[in-house]
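Contents: one structure, followed by commentary.
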Amino acid sequence: MNADSQLDTRGLRCPEPIMMLHKHVRRMAVGEVVQVLATDPATKRDIVQFCDFLPHELLSSDTEGEEFHYWIKKGSR
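First residue of the sequence shown: 525, per the numbering used here; consecutive thereafter.
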């Protein structure tokens, strides 16, 4: 899946990946897609909640070994 930007949070633990994602998304235009790379298993829960709350769209997610990859489309807020 194509992304307009990438955010690498590998090696960071909660709450840092979500804090970095929130800051990154603020600089994005509505409709842009960011790919997030993470190693913290808590992101499986936290990114879903982040997208539901704000609301942004979680387009896709997958796991490769111990890495989690997410594609998030910025919503209207």
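Every residue gets a Cβ at the ideal spot worked out from N, C-alpha and C, and that includes glycine. Remember, it's a predicted structure, so these values are computed and weren't measured experimentally.
| Asked | Found |
| --- | --- |
| Helix, strand or coil, according to DSSP, for D586 in the structure here? | strand |
| Report the rounded CA-to-CA distance for F592 versus A553, giving the unit in angstroms. | 24 Å |
| Output the residue ranges of the alpha helix (DSSP H) runs that lie fully inside the region 526-599 and measure 4 residues or longer, sorted by chain position. | 540-550, 567-577 |
| With distances taken from CA atoms, which of C575, E556, R551 is nearest I542? | C575 |
| In chain order, what residues of the same chain have a beta carbon less than 6 Å from the beta carbon of Q530, not counting five sequence neighbours either side? | Q559 |
| By a C-beta neighbour count over all protein chains shown, 10 Å radius and 16 as the cutoff for buried, is V572 buried or exposed? | exposed |
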